[in-house]
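**Q** Take this structure first; my questions come after.
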Amino acid sequence: MKSSLIAVGALLGLVSAQNAVVHNHCDSSVYVQSFPYDGSAPGPLTTVPKSGTFFEEFRGSGSTIKIAKTKTLEKPLFFGYSFSSNPDYVYY
């Protein structure tokens, strides 16, 4: 399962229409939650089923998205992004 999560992590950089996207290619559901860098409220804990997709509009402050096999987000894979002062650039 860990190698499957790594494969998911490799796909995290896919961006479409100003969204952060997570495609679940694991054999079971994964849990995803976003934590904004500006300290505002985290996004909802989302269950992404096998072959499912999670989308989140980019947050202006940037964000860390945690992906895990458990609802408590134990041992998560972290995906973070932020922006430069030029809005055309996103850093992962």
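Just so we're aligned: the sequence shown equals residues -17 to -1, 1 to 75 in mature numbering (1 follows the signal peptide of the UniProt record, and there is no 0). Glycine residues also receive a C-beta, built at the ideal position from the N, C-alpha and C atoms.
Under 7 Å between the Cβ atoms of glycine 43 and tyrosine 20?
**A** The answer is no: Cβ separation not under 7 Å.
**Q** Figure out for me which residue from Cys9, Val15, Thr55 has the closest Cα to the Cα of serine 34.
**A** Considering only alpha carbons, the answer is Cys9.
**Q** Drop a sphere of 10 angstroms on the beta-carbon of tyrosine 72, count the other beta-carbons inside from all chains shown, and report buried for 16 or more, exposed for fewer.
**A** With fewer than 16 Cβ atoms within 10 Å of its Cβ, tyrosine 72 is classed as exposed.
**Q** Could you tell me if lysine 52 is buried or exposed, where buried requires 16 or more neighbouring beta carbons within 10 angstroms of its beta carbon?
**A** By the neighbour-count rule (16 or more Cβ atoms within 10 Å), lysine 52 is buried.
**Q** Checking the sheet assignment: what are the DSSP bridge partners for leucine 60?
**A** Answer by DSSP bridge pairing, in chain order: Ile50.
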